[in-house]
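Read left to right, the sequence shown gives residues 1 to 339 (my numbering). Every residue gets a Cβ at the ideal spot worked out from N, C-alpha and C, and that includes glycine. Here the structure is laid out as structure tokens; the discussion comes afterwards.
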Amino acid sequence: MKRREFIKSGLIITAVAGTSVRSAFGEIIAPTEEHVSQAEMERFFKELDISMDRISHLGGDHIKSLLSQPLGESEDKTFRSGLRSLMLIGSFGDLPIKGQVHPQMQKRMMYSASEVNSSVNNSIAILKNLSDESKEEIRIALTEDRGLGRSILDTLDLEARAIGVPTTRRRQMKVMGRRIIRRLRHSPEMLIDEYVNKTEKLLLASNSDEAFEKLLKMQVGEARYSDCLKEAERAALQWEKLNIPDMAVGYGLITDDRENEEEPKETSKPERIKGLRLLGVGLVTTAVGQGVLYIAMMTSASLGVFFWLGAILGITIGPILILVALIIILVNAVRKPRK
Numbered sequence: 001m002k003r004r005e006f007i008k009s010g011l012i013i014t015a016v017a018g019t020s021v022r023s024a025f026g027e028i029i030a031p032t033e034e035h036v037s038q039a040e041m042e043r044f045f046k047e048l049d050i051s052m053d054r055i056s057h058l059g060g061d062h063i064k065s066l067l068s069q070p071l072g073e074s075e076d077k078t079f080r081s082g083l084r085s086l087m088l089i090g091s092f093g094d095l096p097i098k099g100q101v102h103p104q105m106q107k108r109m110m111y112s113a114s115e116v117n118s119s120v121n122n123s124i125a126i127l128k129n130l131s132d133e134s135k136e137e138i139r140i141a142l143t144e145d146r147g148l149g150r151s152i153l154d155t156l157d158l159e160a161r162a163i164g165v166p167t168t169r170r171r172q173m174k175v176m177g178r179r180i181i182r183r184l185r186h187s188p189e190m191l192i193d194e195y196v197n198k199t200e201k202l203l204l205a206s207n208s209d210e211a212f213e214k215l216l217k218m219q220v221g222e223a224r225y226s227d228c229l230k231e232a233e234r235a236a237l238q239w240e241k242l243n244i245p246d247m248a249v250g251y252g253l254i255t256d257d258r259e260n261e262e263e264p265k266e267t268s269k270p271e272r273i274k275g276l277r278l279l280g281v282g283l284v285t286t287a288v289g290q291g292v293l294y295i296a297m298m299t300s301a302s303l304g305v306f307f308w309l310g311a312i313l314g315i316t317i318g319p320i321l322i323l324v325a326l327i328i329i330l331v332n333a334v335r336k337p338r339k
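Have a look at this one:
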């Protein structure tokens with residue numbers, strides 16, 4: 001796809017989000033200045049691609065030392081694709097709007113859409129398919145062995161460090177993980193039911209790009225929403241004038257939910273992005289193209305800060321859902337070692 005055609009086919013916009021969730025995962029050194037340069041973006045893409053590829057092929061040594069045997073192939077793919085989805089969305093959210101609408105950032109988001117979708121679907125399935133007996137066994141395992149939860153979180157932390165996740169994000173992930181462990185000790189059923197219900201409500205409320213856009217406008221306000229779109233359009237046109245050369249994506253897909261493998265990985269049908277929507281990404285129409293991919297946000301003018309939506313849009317649901325699934329995978333693997 002030519003650069004101009006790609007710009008017109010879709011853009012990604014977001015406002016700089018807060019640190020509550022996005023800073024917890026997979027941070028690479030993203031340029032944060034408003035007027036980011038092409039050289040800075042090229043360096044960022046190289047680092048992002050390397051980090052994403054590392055998750056595919058490296059790591060896992062600390063998990064192996066936690067378990068009596070390695071994770072099964074399916075569990076391993078789910079685990080790695082979950083980490084990559086969190087890294088991609090977190091890294092994207094670190095960028096200023098100009099960085100987010102860069103055509104090569106667009107390319108990576110669209111390329112990874114099917115993997116993100118698969119990761120979210122797998123996480124939902126893990127939670128939904130847990131029997132009452134399995135939930136109780138998870139609670140007992142974490143209650144009887146008070147150190148198990150800490151061992152799992154320490155293992156996740158070591159794996160994150162091995163792929164280059166900095167201290168700040170690893171610390172935030174541990175905070176979230178401790179909260180999840182506490183709730184699993186108290187009542188796995190309550191935690192799982194809560195996030196499954198929130199997920200289903202959000203997906204129902206945002207079952208189309210128009211519906212998602214409507215929810216976003218309700219939270220952000222028409223004026224702020226319009227300002228974000230205009231800023232994205234200006235930035236996209238600036239990149240277009242530079243005749244930016246193509247830069248191949250430097251990582252393959254771990255999981256891919258495309259029905260037709262001949263369907264280009266660089267494109268994503270609207271019905272294939274529900275995983276992105278759950279992580280706060282949706283399509284809207286702009287003056288410079290047919291659609292825009294964006295991460296929802298809202299601002300507190302009085303505080304001058306940005307923060308993730310949670311009450312209505314549930315932007316934090318997706319990352320927490322994935323992290324809960326990853327922890328459950330490890331708890332089950334520890335308590336049911338393979339022979």
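Under 8 Å Cβ to Cβ from Met41, same chain only, skipping five residues before and after it: list those, please.
Pro31, Gly99, His102, Gln104, Met105
Count the other CB atoms, across all protein chains shown, that sit within 10 Å of the CB of Asp246; report buried if there are 16 or more and exposed otherwise.
exposed
N- and C-terminal bounds of the alpha helix (DSSP H) containing Ser134:
132-144
Beta-carbon proximity of Leu237 to Tyr195, cut-off 8 Å
no
Which of the three DSSP states, helix, strand or coil, is assigned to Val249?
coil
What are the boundary residues of the alpha helix (DSSP H) that His102 is part of?
Taken as a continuous stretch (DSSP letters only), His102 belongs to no alpha helix (DSSP H), as it is neither H nor E.
May I have the straight-line CA-CA distance separating Arg161 from Lys77, to the nearest angstrom?
19 Å
If you run the structure through DSSP and keep just helix, strand and coil, what is Lys274?
helix
Endpoints, the alpha helix (DSSP H) within which Gly93 is located
73-94
Residue nearest to Ser134 in terms of C-alpha spacing, selected from Ser112, Arg185, Ser91, Gly147
Arg185
Please return the same chain residues whose Cβ sits closer than 8 Å to the Cβ of Ile329, not counting the five positions on each side in sequence.
Leu71, Glu75, Thr78, Phe79, Ile126
With a Cβ-Cβ cutoff of 8 Å, do Leu67 and Ala232 count as a contact?
no
Please list the terminal residues of the continuous alpha helix (DSSP H) segment that includes Thr167.
167-186
From Ser114 to Ser208, what distance separates their C-alpha atoms?
17 Å
My parser needs the alpha helix (DSSP H) runs of 4 or more residues fully inside the region 185-252; what are they?
188-205, 209-220, 222-241
Which of helix, strand or coil does DSSP assign to Gly314?
Note that Gly314 scores a pLDDT of 41, beneath 50, so its modelled location is shaky and nothing firm can be said.
Straight-line Cα distance separating Arg171 from Ile140:
26 Å
Looking at Ile180 and Val324, is the spacing between their C-beta atoms short of 8 Å?
yes
Collapsed DSSP secondary structure at Gly149 in the structure displayed
helix
Rounded to whole angstroms, what is the Cα-Cα separation between Ile320 and Ser85?
12 Å
Could you tell me how far apart the beta carbons of Gln38 and Ile244 are, in whole angstroms, since I believe they sit closer than 8 Å?
7 Å
For Leu156 and Lys241, I'd like the C-alpha separation in whole angstroms.
43 Å
Starting from the Cα of Met87, find the closest Cα among Ile50, Val175, Ser65 and give me that residue.
Ile50
Let me make sure I understand the geometry here. Which of His57, Lys64, Lys217, Ile29 has the alpha-carbon closest to that of Ser47?
This sequence places Glu at residue 47; Ser is not what is there. It is Ile29 whose Cα lies nearest to the Cα of Glu47.
Taking only beta-carbon atoms, is Leu86 less than 8 Å away from chain B?
Reference to chain B is not applicable here, since this structure consists of a single protein chain.
Distance, Cα to Cα, Ile322 vs Asn129?
15 Å
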